[in-house]
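Beneath this line is the structure, given in structure tokens, with notes to follow.
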Amino acid sequence: MTTIQYMHVILSAIMMIVLTTPTIFACSRILWNNNGVGVFSSRTMDWPESTEPTILVFPSGIERDGGILAGTTVFQENPAKWTSKYGSIITSVYGIGTIDGMNEKGLGVHGLYLTATDYGKRDASKAGVHAGLWAQYILDNAQNVEEALALNEQIQVIMVEAHGREASIHLALEDASGDSAIIEYIDGKPVVHHGRQYQVMTNDPSYDQQLEMLSKLDFSKPSSDLPLPGNVNPRDRFQRASYYVKLLPKPKDSVEAVADVMAIARNVSVPFGAPYKNFGVYNTEYRTVMDLTNQRYFFELTTSPNVLWFDVKALDFSPGAAVLQLDPYKNKLAISGNATDAFEKLEKAPF
């Protein structure tokens with residue numbers, strides 16, 4: 001074999017690995033529901049490119065079709081169709097669906113990537129909701145975790161893709177009572193972890209395996225010398241966030257509590273340029289915090305020095321009210337702090 005032929009074989013093998021290996025992304029969710037002040041959650045969005053986030057306000061009374069993705073019908077047989085019962089403030093992904101948000105009843109939802117996701121073969125006996133609208137379906141129709149889990153049993157989530165990437169996600173839910181749930185689809189079946197104790201979620205492996213690995217660690221004697229997983233992979237982030245959330249001191253008020261959960265989200269964020277195996281870089285694009293007790297939504301773009309927050313109680317969620325949007329990339333320096341009045345009106349709801 002000549003040198004040129006040998007190089008051709010090597011390059012072909014490398015290309016085959018690149019083309020057949022799933023892209024790995026990362027995110028982290030932290031819930032603090034045992035602090036005596038309120039219920040607070042935070043998440044990071046870690047991605048190899050911009051997810052083109054837009055912060056949107058949806059009033060109640062919006063009609064939706066679970067089989068339509070950005071104006072295109074992705075499946076026709078028995079799509080779920082509903083009119084939203086509750087208004088919500090959300091962060092969109094690629095302009096096609098909801099990846100994070102809370103509704104007017106204090107229910108929060110976070111979509112994170114999970115490679116093992118398998119929604120199963122289409123079962124037309126159940127109404128279908130494509131994965132881009134899964135989180136929005138729950139926000140539109142449920143006022144707490146219990147209701148969300150019951151509603152989820154009535155639908156089938158359908159895989160879709162955007163920008164060449166499949167929507168392989170699992171959901172973390174929490175409500176103003178402090179209840180929590182994790183929903184994953186493994187081997188075509190939903191796996192649910194329901195209880196206040198489920199405070200942290202990242203990505204791979206599946207939640208069962210994450211909990212098993214965590215159970216083998218001894219965090220009973222915290223100290224600055226305790227060997228703590230410190231890299232950017234989802235196992236390390238899961239363990240690190242689980243360790244730090246248990247060490248948080250009781251906050252003086254809700255403002256301090258928001259800062260506390262944001263601090264952990266920043267601790268488990270992926271720095272710019274941090275490598276992950278041979279998959280390249282997927283640094284944190286933004287972080288959000290939900291104050292479910294006082295109904296405030298916070299958003300921090302990692303390329304901006306400002307944190308935005310929105311008073312959810314001041315928003316108009318009545319049927320027929322305007323759909324609002326805010327692009328956090330447009331005015332990085334011009335908008336800071338309370339941005340409740342910084343939204344622009346849309347003529348119609350996206351998705």
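In the working numbering, the protein residues as written are 1 to 351.
We put the beta carbon where it would ideally sit given N, CA and C, even for glycine.
Item to check | Secondary structure of residue 219, DSSP reduced to three states | outcome: Here residue 219 refers to the residue found at position 219 when the sequence shown is read from its first residue. Coil, per DSSP.
Item to check | Residue interval of the alpha helix (DSSP H) (run including residue 172) | outcome: On the sequence shown, position 172 is the one that residue 172 refers to. Element bounds for residue 172: not the alpha helix (DSSP H) but the beta strand (DSSP E), 169 to 175.
Checklist entry - How many angstroms separate the CA atom of residue 317 from the CA atom of residue 324? => result As a working note, residue 317 is residue 317 in the sequence shown. As a working note, residue 324 is residue 324 in the sequence shown. Answer to the nearest angstrom: the Cα atoms are 11 Å apart.
Checklist entry - For residue 46, which residues does DSSP report across the bridge? => result In the sequence shown, counting from the first residue as 1, residue 46 sits at position 46. Answer by DSSP bridge pairing, in chain order: 26, 284.
Checklist entry - Thinking just about the alpha-carbon of each residue, which of 179, 336, 61 is nearest to the one in residue 196? => result Here residue 196 is taken as the residue at index 196 of the sequence shown, counted from 1. Ranking 179, 336, 61 by Cα distance to residue 196 puts 179 first.
Checklist entry - Beta-carbon of residue 271 versus every beta-carbon of chain B: anything under 8 Å? => result The question asks about chain B, but that chain is absent: this structure has only one protein chain.
Next on the checklist: Can you find the residues in the same chain that come closer than 7 Å, C-beta to C-beta, to residue 149, ignoring five residues on each side of it along the sequence?
Outcome noted: As a first step, residue 149 is located in the sequence shown; it is residue number 149 there, counting from the start. Cβ neighbours of residue 149 beyond the five flanking positions: 181, 192, 194.
Checklist entry - According to DSSP, what are the bridge partners of residue 32? => result Start at 1 with the first residue of the sequence shown, and residue 32 comes out as number 32. Note: residue 32 sits in a beta bridge opposite 40.
Item to check | Local Cβ density within 10 Å of residue 10, reported as buried at 16 or more and exposed below that | outcome: Mapped onto the sequence shown, residue 10 falls at position 10. Unreliable placement is indicated for residue 10, whose pLDDT of 31 sits below 50; the coordinate value is still reported in the next sentence. Residue 10 comes out exposed.
Checklist entry - Is DSSP giving residue 76 helix, strand or coil here? => result Position 76 of the sequence shown, counting from 1, holds the residue named residue 76. If DSSP states are grouped into helix, strand and coil, residue 76 belongs with coil.
Checklist entry - What are the uninterrupted segments assigned as beta strand (DSSP E) that are 3 or more residues long and contained completely in the region 79 to 116, given in chain order? => result 81 to 83, 88 to 93, 97 to 103, 107 to 113
Checklist entry - With residue 105 and residue 119 assumed to form a contact (beta carbons below 8 Å), what rounded beta-carbon distance in angstroms separates them? => result Position 105 of the sequence shown, counted from the start, is the residue given in the question as residue 105. Position 119 of the sequence shown, counted from the start, is the residue given in the question as residue 119. About 27 Å separates the two Cβ atoms, so there is no contact after all.
Next on the checklist: Under DSSP, the beta strand (DSSP E) around residue 136 begins and ends at which residues?
Outcome noted: Counted from its first residue, the sequence shown places residue 136 at position 136. From DSSP, residue 136 is part of no beta strand (DSSP E) but of the alpha helix (DSSP H) over 131 to 141.
Checklist entry - Around the Cβ of residue 33, are there at least 16 other Cβ atoms within 10 angstroms (buried) or fewer (exposed)? => result Indexing the sequence shown from 1 puts residue 33 at position 33. Buried, by the Cβ-count rule.
Checklist entry - Can you give the beta carbon distance from residue 127 to residue 78, rounded, assuming they're within the 8 Å contact cut? => result Counting from one through the sequence shown, the residue named residue 127 turns up at place 127. Counting from one through the sequence shown, the residue named residue 78 turns up at place 78. Sure, about 6 Å apart at Cβ, within 8 Å.
Checklist entry - Would residue 108 pass as a contact of residue 173 if the rule is Cβ separation under 8 Å? => result What you label residue 108 is simply residue 108 of the sequence shown in a count that begins at 1. What you label residue 173 is simply residue 173 of the sequence shown in a count that begins at 1. Contact: yes.
Next on the checklist: Runs of 3 residues minimum, wholly inside the region 201 to 246: which ones carry the beta strand (DSSP E) assignment?
Outcome noted: none
Item to check | Beta carbon of residue 155 nearer than 8 Å to that of residue 129 | outcome: Translated into positions along the sequence shown, residue 155 becomes position 155. Translated into positions along the sequence shown, residue 129 becomes position 129. Yes. Within cutoff.
Item to check | Collapsed DSSP secondary structure at residue 55 in the structure displayed | outcome: Within the sequence shown, numbered from 1, the residue matching residue 55 stands at position 55. Three-state result, residue 55: strand.
Item to check | Unbroken alpha helix (DSSP H) run spanning residue 264, endpoints | outcome: Locating residue 264 in the sequence shown gives position 264, where the first residue counts as 1. Residue 264 -> alpha helix (DSSP H) spans 254 to 267.
Checklist entry - Nearest-angstrom Cα distance between residue 337 and residue 124? => result Within the sequence shown, residue 337 is the residue found at index 337, counting from 1. Within the sequence shown, residue 124 is the residue found at index 124, counting from 1. Between residue 337 and residue 124, the C-alpha separation is close to 46 Å.
Checklist entry - Just the Cα atoms here: how many angstroms apart are residue 28 and residue 114? => result Residue numbering aside, residue 28 sits at position 28 when the sequence shown is read from its first letter. Residue numbering aside, residue 114 sits at position 114 when the sequence shown is read from its first letter. Whole-angstrom Cα-Cα distance: 11 Å.
Checklist entry - Taking three-plus beta-carbon pairs below 8 Å as touching, is the region 220 to 227 in contact with the region 195 to 212? => result no
Next on the checklist: Using a Cβ distance threshold of 8 Å, determine whether the region 57 to 76 contacts the region 275 to 295, with at least three qualifying pairs required.
Outcome noted: no
Checklist entry - Should residue 26 be labelled buried (16 or more other beta-carbon atoms within 10 Å of its own) or exposed? => result Against the sequence shown, residue 26 aligns to sequence position 26. Burial call: buried.
Checklist entry - Apart from the five residues just before and just after residue 286, which ones in its own chain have a Cβ nearer than 8 Å to its Cβ? => result Here residue 286 is taken as the residue at index 286 of the sequence shown, counted from 1. Only 44, 45, 53, 91, 299, 300, 301, 302, 328 meet the Cβ criterion.
Checklist entry - What separation, rounded to the nearest whole angstrom, lies between the Cα atoms of residue 244 and residue 253? => result In the sequence shown, residue 244 corresponds to position 244, counting from 1. In the sequence shown, residue 253 corresponds to position 253, counting from 1. Answer to the nearest angstrom: the Cα atoms are 19 Å apart.
Checklist entry - Which residue's Cα is closest to the Cα of residue 350: 133, 74, 75? => result For the purposes of this step, residue 350 is taken as the residue at position 350 of the sequence shown. Checked all of 133, 74, 75; the closest Cα to residue 350 is 133.
Checklist entry - So what does DSSP say about residue 330, is it helix, strand or coil? => result In the sequence shown, counting from the first residue as 1, residue 330 sits at position 330. Here residue 330 sits in coil by DSSP.
Checklist entry - If you count every other CB in all the chains shown that lies within 10 Å of the CB of residue 333, and 16 or more means buried, which is it? => result Stepping through the sequence shown from its first residue, residue 333 is reached at position 333. Residue 333 is exposed by the Cβ-count criterion.
Item to check | Pairwise C-alpha distance: residue 282 and residue 270 | outcome: Taking the sequence shown and counting its residues from 1, one reaches residue 270 at position 270. Taking the sequence shown and counting its residues from 1, one reaches residue 282 at position 282. Computed Cα separation, rounded: 7 Å.
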